[in-house]
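Asker: Sending over a structure as structure tokens; questions will come in a sec.
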DNA sequence: GAGATTTCTTGACAAGTGTCAAACAAAGTC
DNA sequence: GACTTTGTTTGACACTTGTCAAGAAATCTC
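Residue numbers (UniProt numbering), protein chains in the order written: chain S, 1 to 211; chain U, 1 to 211.
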């Protein structure tokens with residue numbers, strides 16, 4: 001996955017070298033994402049990122065112009081991994097129940113298994129309110145997530161012979177509210193949260209469609 | 001007013017002493033909150049806080065043990081101001097429509113007039129996922145907000161002769177999801193957001209109650 | 001192989017951070 | 001008045017931060 005559009009890349013390397021550069025960038029980004037997920041945006045320094053990787057802190061500046069460039073790249077890289085998470089469920093489900101349980105299963109699974117990434121996402125979205133340079137990337141991801149939720153809800157409506165009663169942004173805000181609550185709560189009380197989230201979503205989903 | 005929980009219990013009878021200390025603390029906190037709301041948690045330093053106040057940076061350390069102590073105090077002070085925002089509307093409304101419009105009016109009003117505070121709140125809640133020391137204060141505020149939403153929804157159910165179909169945490173997560181979406185979006189597109197929020201809440205509210 | 005180019009390491013820098021302590025001022029107490 | 005307590009200023013400290021540049025190492029080209 002090297003299709004991440006880079007803001008500033010005019011490195012005069014050989015054509016065969018671009019690939020390698022992109023590969024290094026991805027490696028750096030993956031390492032950075034791990035550190036970011038653990039420490040959060042504010043407490044993550046370039047040196048810490050380099051420390052938790054196989055590179056030294058100078059390399060970071062060789063492949064990224066500055067800190068924002070790196071973070072921005074990370075965000076864009078991250079988005080390619082998260083917004084298609086439920087596609088398989090949506091496509092293979094043949095009943096509303098199957099869709100719902102598949103969706104909820106994947107959701108609680110990613111909540112548990114990728115907690116740091118979700119923490120980071122909500123952190124970054126908050127930071128984007130203060131740091132303008134983050135805003136375009138955050139908005140793009142938000143858009144992707146909204147479409148993801150909408151695909152699920154549309155399919156759910158299809159399978160139940162109904163139609164959604166809210167528009168896409170509303171549906172996304174509602175479900176995202178529940179998910180964020182779960183992510184925040186997961187830090188304090190890990191064992192109960194997934195079941196609570198499942199229950200709440202099961203309560204809410206039917207209310208978002210009607211004949 | 002200055003009822004922020006602290007080690008103080010006896011009333012000093014004179015204006016000096018503990019009372020004066022609390023007053024300074026509140027002044028510092030108010031100043032700090034202004035700076036925090038503008039810059040966000042990560043980018044706010046003690047010196048910046050002092051700079052935007054009438055005090056010097058040494059005073060901050062005279063009245064607060066360290067940075068977390070100050071922030072924590074700010075958060076607690078903040079909570080006393082925000083969680084009773086809709087009480088008057090809840091108590092005076094005599095019809096569901098009156099309640100809804102009053103609630104929505106106040107909500108969009110605070111969205112517009114106190115944007116920095118709301119940005120800070122969502123920032124701090126995200127930070128609490130990484131900084132354990134913030135968690136108790138954040139949880140307390142979350143609880144207060146949940147109760148606030150529940151009071152509104154209960155009254156709404158009363159006035160419509162119905163009962164809520166979701167529990168308090170769910171209702172809070174849903175409505176908070178919509179509000180956070182509005183706060184984040186307000187930075188990018190101020191003019192449209194309040195109306196969108198109103199419309200979405202009007203769509204959602206009826207779905208949270210049933211006969 | 002030699003030379004050129006790309007990649008990486010290392011060390012330094014200026015600026016900013018939280019924290020603290022000693023000097024100073026103000027106010028209260030006798 | 002002198003003395004103590006309380007409040008404030010100032011400057012320093014140890015440390016971290018992002019950034020950069022000079023040079024070493026690895027890689028490629030011929």
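C-beta: ideal position from N, C-alpha, C; glycine also.
Is residue 195 of chain U close to chain S, meaning its C-beta is less than 7 Å from at least one C-beta of that chain?
Answerer: Taking Cβ atoms only, chain S never reaches closer than 7 Å to residue 195 of chain U, which makes this a no.
Asker: Could you check whether the segment 115-128 of chain U touches the segment 38-50 of chain U, counting it as contact only if at least three pairs of C-beta atoms, one from each stretch, sit closer than 8 Å?
Answerer: They touch, by the three-pair rule.
Asker: Name, going along the chain, the residues of the segment 99-110 of chain S whose beta-carbon falls closer than 7 Å to a beta-carbon of chain U.
Answerer: Those would be none; no residue qualifies.
Asker: Closest by CA to residue 45 of chain S, which one among S/54, S/27, S/66?
Answerer: Of the candidates S/54, S/27, S/66, the one whose C-alpha sits nearest the C-alpha of residue 45 of chain S is S/66.
Asker: List the whole-angstrom C-beta distance separating residue 133 of chain U from residue 72 of chain U, where the pair is believed to meet the contact cut-off of C-beta under 8 Å.
Answerer: So it is a contact: roughly 7 Å between Cβ atoms.
Asker: Short of 8 Å in beta carbon distance, which residues of its chain neighbour residue 193 of chain S, apart from the five on each side in sequence? Order them along the chain.
Answerer: The answer, listed in chain order, is 111, 182, 185, 186.
Asker: Could you tell me which of U/74, U/54, U/102, U/128 sits nearest to residue 201 of chain U, measuring between CA atoms?
Answerer: Residue 201 of chain U has its Cα closest to that of U/102, out of U/74, U/54, U/102, U/128.
Asker: According to a CB-to-CB cut-off of less than 8 Å, which residues of the segment 173-204 of chain U neighbour chain S?
Answerer: Listed by position along the chain: 173, 174, 175, 176, 177, 178, 180, 181, 183, 184, 187, 188, 196, 200, 203, 204.
Asker: Quick one: what does DSSP say residue 165 of chain S is sitting in, helix, strand or coil?
Answerer: Three-state DSSP puts residue 165 of chain S in coil, outside helix and strand.
Asker: If you compare alpha carbons, which of U/161, U/104, U/76, U/127 is closest to residue 211 of chain U?
Answerer: Comparing Cα-Cα distances from residue 211 of chain U to each of U/161, U/104, U/76, U/127, the minimum goes to U/161.
Asker: Can the beta-carbon of residue 153 of chain S be found less than 7 Å from the beta-carbon of residue 173 of chain S?
Answerer: No, the pair does not count as a contact, with Cβ atoms beyond the cut-off.
Asker: Determine the DSSP secondary structure at residue 210 of chain U, reduced to helix, strand or coil.
Answerer: Residue state, collapsed to three classes: strand.
Asker: Looking at C-alpha atoms only, which residue of S/61, S/99, S/81, S/20 is the closest neighbour of residue 205 of chain S?
Answerer: Of the candidates S/61, S/99, S/81, S/20, the one whose C-alpha sits nearest the C-alpha of residue 205 of chain S is S/99.
Asker: Buried or exposed for residue 180 of chain S, going by 16 or more other Cβ atoms inside 10 Å?
Answerer: The residue in question, residue 180 of chain S, is buried, as its Cβ has 16 or more Cβ neighbours within 10 Å.
Asker: To which residues of the same chain is residue 92 of chain S closer than 7 Å at the C-beta, ignoring the five residues directly before and after it?
Answerer: Around residue 92 of chain S: no qualifying Cβ.
Asker: If we define contact as Cβ-Cβ less than 7 Å, is residue 170 of chain U a contact residue for chain S?
Answerer: Yes - at least one Cβ of chain S is within 7 Å of the one on residue 170 of chain U.
Asker: Measure the alpha-carbon distance for residue 90 of chain S versus residue 94 of chain U and round it to whole angstroms.
Answerer: Cα-Cα distance, rounded: 45 Å.
Asker: Can you find a C-beta in chain U that's less than 7 Å from the C-beta of residue 129 of chain S?
Answerer: Yes, residue 129 of chain S lies at the interface with chain U (some Cβ there is under 7 Å from its Cβ).
Asker: Could you check whether the Cβ of residue 42 of chain S sits closer than 7 Å to any Cβ belonging to chain U?
Answerer: It does; some Cβ of chain U falls within 7 Å.
Asker: Going along the chain, which unbroken runs of the alpha helix (DSSP H) with 4 or more residues stay wholly within the segment 59-115 of chain U?
Answerer: Listed in chain order, they are 67-82, 87-92, 96-113.
Asker: Can you tell me whether DSSP reads residue 191 of chain S as helix, strand or coil?
Answerer: DSSP places residue 191 of chain S in coil when its eight states are reduced to three.
Asker: Residues in the same chain with beta-carbon distance under 8 Å from residue 178 of chain U, minus the five sequence neighbours each way, listed in chain order, please.
Answerer: Result list for residue 178 of chain U: 197, 200, 201, 204, in chain order.
Asker: With distances taken Cα to Cα, identify the nearest neighbour of residue 81 of chain S among S/29, S/20, S/136, S/54.
Answerer: Closest by alpha carbon: S/29.
Asker: Measure the alpha-carbon distance for residue 165 of chain S versus residue 207 of chain S and round it to whole angstroms.
Answerer: Between residue 165 of chain S and residue 207 of chain S, the C-alpha separation is close to 8 Å.
Asker: One question on the structure: do residue 146 of chain U and residue 168 of chain U come within less than 7 Å of each other, judged by their Cβ atoms?
Answerer: Yes, the Cβ-Cβ distance between residue 146 of chain U and residue 168 of chain U is below 7 Å.
Asker: Around the Cβ of residue 156 of chain S, are there at least 16 other Cβ atoms within 10 angstroms (buried) or fewer (exposed)?
Answerer: Its Cβ being crowded by 16 or more others within 10 Å, residue 156 of chain S is buried.
Asker: Taking 7 Å as the threshold (beta carbon to beta carbon), is residue 215 of chain U in contact with chain S?
Answerer: The structure shown has nothing for residue 215 of chain U, since chain U only spans 1 to 211.
Asker: May I ask which residues mark the beginning and end of the alpha helix (DSSP H) holding residue 154 of chain U?
Answerer: Residue 154 of chain U -> alpha helix (DSSP H) spans 135-160.
Asker: Can the beta-carbon of residue 42 of chain S be found closer than 7 Å to that of residue 123 of chain U?
Answerer: No; because the gap between Cβ atoms is not below 7 Å, this pair is not in contact.
Asker: Taking the continuous alpha helix (DSSP H) assigned at residue 47 of chain S, which residues delimit it?
Answerer: It spans 46-51 - the alpha helix (DSSP H) in which residue 47 of chain S sits, taken as one unbroken run.
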